[in-house]
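Okay, so the sequence shown: first residue is 1204 according to my numbering, each after it adds one.
C-beta: ideal position from N, C-alpha, C; glycine also.
The structure appears right after this line, and notes come after that.
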Amino acid sequence: MKDVNSASAADLFGIDGFVLATTQTFQSVAGATKKFLEKLWINKDRIAKGELFASMICYKNDPSATQASLKNIAGYLGFTDAISGVNINLDEFEAGQIKARQLGLSLAKVL
């Protein structure tokens, strides 16, 4: 696990898959997450195509636009949707923790 502010494209070199967790502010990914995705875009030729990808969105308002955006960006970068990501409502934090664990277990099974 790595904080998005200190993560780089090099962290994705040679891995099989990853989960991108973000908060959703103003119906979009958080600013730090956007900056990380821009770093990936610059280095997209150095990231193996087909890496498995899943997202986790912590939201207060409808997360569908953010979910669609992340799916599109993942496609542009050559990632493969590993499993359905999870969306966690801020008002249901404990249930969200369970969903996050299930996502991690599901990804581990695919890998």
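To the nearest angstrom, how far is the alpha carbon of T1269 from that of G1234?
12 Å
When you compare each of Q1305, A1210, I1218 to M1259 by their alpha carbons, which one comes out closest?
Q1305
State the CB to CB distance for the pair S1287 and S1231, rounded to an integer number of angstroms; the pair is presumed to be in contact (CB under 8 Å).
Incorrect: roughly 20 Å between the Cβ atoms, too far for contact.
Starting from I1260, trace the beta strand (DSSP E) in both directions and tell me its first and last residue.
1255–1262
For T1225, which option in A1213, F1239, F1216 has the closest C-alpha, if you only look at C-alpha atoms?
F1239
What residue range does the beta strand (DSSP E) around L1223 cover?
1220–1228
Just the Cα atoms here: how many angstroms apart are K1205 and S1211?
10 Å
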